[in-house]
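Trainee: Questions regarding the structure given below will be posed in turn.
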Amino acid sequence: MSVILLIMITNTSHFISANSTKLDKPQTVIQQDVTANNSNNTNNGEITELQLGKAIERDLAGGKVHSYNLTLEAKQYLQATVEQKGIDVVVAIYSPDGKKVYEMDSPNGETGPEPVYLITETSGQYRLEVNSLEAQAKPGKYQVKLQETRIANEKDKPRVVAYKAYSEAILLEAEGKPESVDQAIAKYEEAISLFQSADEPIGEANSLNNLAMLYHTKGDYAKAEPFYKRTLIMRIKS
C-alpha cells in the first residue's frame, strides 16, 4: 500500500505556479493581452511601466538586463511572474531608494517561472529587473506579468515569508550536499507552517510533497510516508 501511495504522489509533484488555482490540476494557461517586443535586447535608457494583468513578452540576449517600473503605495502586496522561455534569468526588485528588496533565481534552468511575492515598505517607483547573468548565453524569450497589487492583509506577510522559505529550500535541495538537504528539510517545515497561517493550500501541498520526497531520497521511508499521505489528502479535497 505504501509503495502505491508513493508512486501516486511523486507522479503529481509540480512546482508552485503563480497561475495555479487548484492543487495538482494541470492547466493550459491562455496568455491574454501579451505585448511582444522583439526590437531590442536592452532598454536603451527607456524603462517600461508594468501594468496590472498585462503580460509582456520579449527577447533577451546573454548578459543583458531589462528594467520595468512599478508605481506602488506603502504596505501593498505584489505578485508577479517572469516565465523563462529559453533563457535563464534572475529577477530582482529595487525600492524607490535603489535598495534591492527581492531577488529570485530558481534552479529551473532556461524554462519555468521565477515568481515574485513582496510587501512594499514605502510608496514610490519600484524597479523590476530581468537579468541574464551569462554573457555567452544564447538569446531566448521571457514573459513578465504583474498579476496582483492590493493593500496587504494579515495573511500576506506569512505568505510572502513562506514563499521565501520555499524558494530557499529548493535552492538548498539543488546543492545536493547532505548538510544542504538537512537545511532544505528545515526550510520546507518552516514553509508548511507559514503556508498554513496564510491559508495557502497550493504552497502547503507542494512543500509537504517536496519534504516527503527528500526523506524518501534519504531512505527514511517512515518519515516520508505521513507527508505523502497529507499531500494526497489535500489534493483529493481540492
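If you want the working numbering, it's the 1-based position in the sequence shown plus 18.
Even glycine gets a Cβ: it sits at the ideal position worked out from N, Cα and C.
Keep in mind the model is a prediction, meaning the values are calculated, not measured.
CA-CA distance, Ala155 and Glu147?
Mentor: 18 Å
Trainee: Quick one: is Gly127 buried, meaning 16 or more other Cβ sit within 10 Å of its Cβ, or exposed?
Mentor: exposed
Trainee: Quickly, what does DSSP pair Thr140 with across the bridge? List them, please.
Mentor: BP columns for Thr140 are empty, so no partner.
Trainee: Should Glu256 be labelled buried (16 or more other beta-carbon atoms within 10 Å of its own) or exposed?
Mentor: Note on identity: in this sequence residue 256 is Ser, with Glu being the wrong assignment. Result: exposed.
Trainee: Return the CA-CA distance between Lys93 and Ala153, expressed in angstroms with no decimal places.
Mentor: 36 Å
Trainee: Is there contact here, the segment 177–187 with the segment 198–212, by at least three beta-carbon pairs under 8 Å?
Mentor: yes
Trainee: Is it true that the CB of Lys163 sits closer than 9 Å to the CB of Ile137?
Mentor: no
Trainee: On a CA-only basis, which of Lys117, Gln143, Leu70 is nearest Leu88? Give me that one, please.
Mentor: Gln143
Trainee: What does the Cβ neighbour count give for Asn171, buried or exposed, with the cut at 16 atoms within 10 Å?
Mentor: exposed
Trainee: The beta strand (DSSP E) that contains Val83, what's its start and end?
Mentor: 83–90
Trainee: Express the C-alpha separation of Ile105 and Lys82 in angstroms, rounding to a whole number.
Mentor: 11 Å
Trainee: Between the alpha carbons of Glu101 and Ile65, how many angstroms are there, rounded?
Mentor: Roughly 19 Å between the two C-alpha positions.
Trainee: Go to Gly158, then tell me how far its beta strand (DSSP E) extends in each direction, as first and last residue.
Mentor: 158–169
Trainee: Using DSSP with H/G/I as helix, E/B as strand and the rest coil, what is Leu70?
Mentor: Here Leu70 carries a strand assignment [DSSP, helix/strand/coil].
Trainee: Please classify Gly221: does DSSP put it in a helix, a strand, or coil?
Mentor: helix
Trainee: With a cut-off of 8 Å on the beta carbons, I'd call Thr249 and Ala216 a contact; round off their distance for me.
Mentor: Not a contact, Cβ separation roughly 18 Å.
Trainee: Check for me: the alpha helix (DSSP H) holding Glu191 runs from which residue to which?
Mentor: 174–193
Trainee: By alpha-carbon positions, which one of Arg168, Ser124, Val108 ends up nearest to Leu151?
Mentor: Val108
Trainee: To the nearest angstrom, report how far apart Gly130 and Ser141 are at their CA atoms.
Mentor: Computed Cα separation, rounded: 31 Å.
Trainee: Quick check on this structure: which residue in Tyr233, Thr99, Lys241 has the alpha carbon closest to the alpha carbon of Tyr160?
Mentor: Per the Cα distances, Thr99.
Trainee: Look up Lys93 in the DSSP assignment and give the residues it is bridged to.
Mentor: None, per the DSSP bridge assignment.
Trainee: In whole angstroms, give me the CA-to-CA distance for Lys173 and Phe213.
Mentor: 9 Å
Trainee: Assuming Glu121 is part of the beta strand (DSSP E), what are its boundary residues?
Mentor: 118–122
Trainee: Among Ala204, Ile169, Lys118, which residue has its Cα nearest to the Cα of Gln97?
Mentor: Ile169
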